[in-house]
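If you read the sequences in order, they're chains R and L.
By our numbering, the letter at position 207 of the first sequence is numbered 207, and the numbering carries on one by one without gaps.
By our numbering, the letter at position 43 of the second sequence is numbered 273, and the numbering carries on one by one without gaps.
Where a beta carbon is used, it is the ideal one built from N, C-alpha and C, also for glycine.
Here is the structure we will look at, set down as structure tokens.
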Amino acid sequence: MDIAFIWATFLRLIAALQVTLSVWALSVFFGAFIAAGVTWMRVGGIRPLEWFARAYIFVFRGAPLLIQLFIVYYGLSSFPAVRASIFWPFLRDAFNCATLSCALCTAAYQSEIFRGALAGVPNGQIEAARACGMSKSLLFRRIIFPIALRQALPAYSTEVISMVKATALVSLVTLWDVMSVALKIRNDTLVTYTPLLIAGAIYFVVNYMIARAFIFIEQWLSPHLRARSA
Amino acid sequence: MTWTTALGFGERGWGPALLYGAVMTLFVSIAGLAIGAALGSLVAWAKLSGVRVAGAIGEGYAALFRGLPELLVVYFVYFGSSAALTGLYHLLGGEGFLGVPGLAAGALAVGVISGSYQAEVFRGAYLAIAKGELEAARAVGMGPWLMFTRIIGPQVLRFALPGLGNLWQVALKDSSLISVTGLAELMRTSQVAAGSTHQPFTFYVAGGVLYLALTSISDRVFESAEARATRGMRREAH
């Protein structure tokens with residue numbers, strides 16, 4: 001076990017971090033938009049849309065991400081109709097399939113977080129805003145959204161970090177992320193643990209940095225709580 | 231072969247294999263949750279004990295396994311447990327390679343992940359016990375063991391149930407990652423069936439539906455267990 005090997009492995013894994021972080025960032029970003037839509041359907045009060053949202057959350061939270069990923073990547077491409085359709089240029093690429101599956105899955109979890117945060121906005125605040133004569137959109141922008149955002153943050157950071165971990169699954173659909181490069185180095189060099197240990201350290205540090213960033217954002221967004229303790 | 235024959239229980243149908251896979255998934259998840267409960271309560275106890283070193287070790291384990299990808303943990307446990315067992319075997323004078331059965335390695339992997347989360351569930355549940363109850367138990371002269379079996383244990387279980395229910399769902403889904411070790415659980419069986427019939431969509435959807443059945447049925451079980459465990463408690467006035 002020499003330093004040169006460790007360093008070379010580290011450099012190759014850091015290079016692969018780009019794929020891991022791309023899948024992560026894109027799926028969290030698009031997942032948030034899907035989640036916003038699903039949450040709107042879920043609490044909007046229109047029955048058929050509410051059922052659809054419930055079904056969406058049930059399916060994407062109830063089944064493992066791995067099987068969702070395989071349905072999209074291996075399942076859809078087995079239909080000649082899909083291969084002939086306009087979606088094929090998008091779906092033929094493993095990166096797109098992986099990002100799509102991750103986004104659809106995290107949207108279901110994020111949507112539940114959003115719903116909980118909305119439910120946690122105190123009624124008195126909404127009543128007071130209405131009493132002042134705020135319009136619906138102003139009420140959402142000034143009162144509901146800021147309060148809900150703060151309340152959602154802790155659970156949201158957990159979900160975002162669990163998505164970093166979930167992206168390791170894309171190694172099973174031919175993508176060269178940190179996980180699959182670590183396994184490749186392991187297979188090529190027959191060094192059993194070092195590549196996996198270095199990969200683990202990289203994931204751990206990334207997750208730690210994201211967790212710190214969220215703690216920072218939380219403090220930044222709650223100056224009223226900080227002032228009291230200072 | 232139509233998809234009904236492929237999924238059926240006939241001679242060329244994969245129905246029995248998929249059901250067997252589902253049972254295997256259930257089995258690995260239950261074993262994983264149990265290992266996790268043992269590890270989790272140990273860590274919770276270490277953190278509550280006030281012994282600095284024990285608490286730090288417990289916290290270190292929990293933080294580590296919550297920060298690593300589940301798939302990486304599965305690989306690591308799978309490769310590592312066989313190496314550890316072979317090493318132990320050599321120490322005892324044996325020769326050659328000893329592999330840990332996929333089922334045991336899989337349950338262990340799901341268990342160490344689940345345990346890192348269960349630690350917080352158990353710690354929170356212990357802290358939720360009303361202090362007066364513990365004082366009352368001491369006042370009537372209960373020893374530590376009797377206090378644990380009559381006062382602490384039952385209440386910790388009751389307060390921990392909702393959290394354990396969530397972690398059970400997580401364990402069930404995490405168990406799908408064990409498919410990479412070749413254990414014929416539900417995910418792996420769906421993969422094999424998809425490959426040999428060239429009908430990936432049918433079998434991955436079928437596998438997904440079986441997972442949904444497992445998660446939703448067990449959700450009901452946990453709901454009724456919660457209702458039963460809290461039947462003696464006062465409801466908050468609404």
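Asked                                                                                                                      : Found
Three-state secondary structure (DSSP) of R:I198                                                                           : helix
Exposed unless 16 or more other CB atoms sit within 10 angstroms - verdict on R:W7                                         : exposed
Inter-residue CB distance, L:R296 and L:Y250 (contact presumed, cutoff 8 Å)                                                : Contact doesn't hold; Cβ gap of about 32 Å is too wide.
Interface flag, L:F431 vs chain R, CB-CB below 8 Å                                                                         : yes
Partners in chain L for R:S78, counting only beta-carbon separations shorter than 8 Å                                      : H428, Q429, P430, F431
Residues near L:D449 in its chain [Cβ-Cβ closer than 6 Å; skip 5 each side]                                                : none
Residues, ordered as in the chain, of the region 93–110 of chain R that lie near chain L by beta-carbon distance below 8 Å : none
The region 112–130 of chain R / the region 90–102 of chain R touching (three or more Cβ pairs under 8 Å)                   : no
Reference L:L407, options R:S171, R:L138, R:W176, closest by Cα                                                            : R:S171
C-beta neighbour in chain L for R:L190, strict 8 Å                                                                         : no
Which listed residue (R:K184, R:A199, R:G200, R:V160) has its alpha carbon closest to that of R:V28                        : R:V160
Interface partners of L:A313 on chain R, CB under 8 Å                                                                      : T192
Partners in chain L for R:M179, counting only beta-carbon separations shorter than 8 Å                                     : P299, L301, L302
Residue span of the alpha helix (DSSP H) that contains L:G238, given as start and end                                      : That residue, L:G238, is in no alpha helix (DSSP H); it is neither H nor E in DSSP.
Classification of L:F306 by the beta-carbon crowding that lies within 10 angstroms, buried from 16 upward                  : buried
Residue-chain proximity (R:P195, chain L), Cβ-Cβ < 8 Å                                                                     : no
Meets three-Cβ-pair contact criterion under 8 Å: the region 440–449 of chain L and the region 384–401 of chain L           : yes
Residues of the region 443–456 of chain L with Cβ closer than 8 Å to any Cβ of chain R, in chain order                     : T445, S446
L:Y356, DSSP secondary structure in three states                                                                           : helix
Which of helix, strand or coil DSSP assigns to L:H428                                                                      : coil
Same chain, Cβ closer than 6 Å to L:L301, neighbours up to 5 away in sequence not counted                                  : L407
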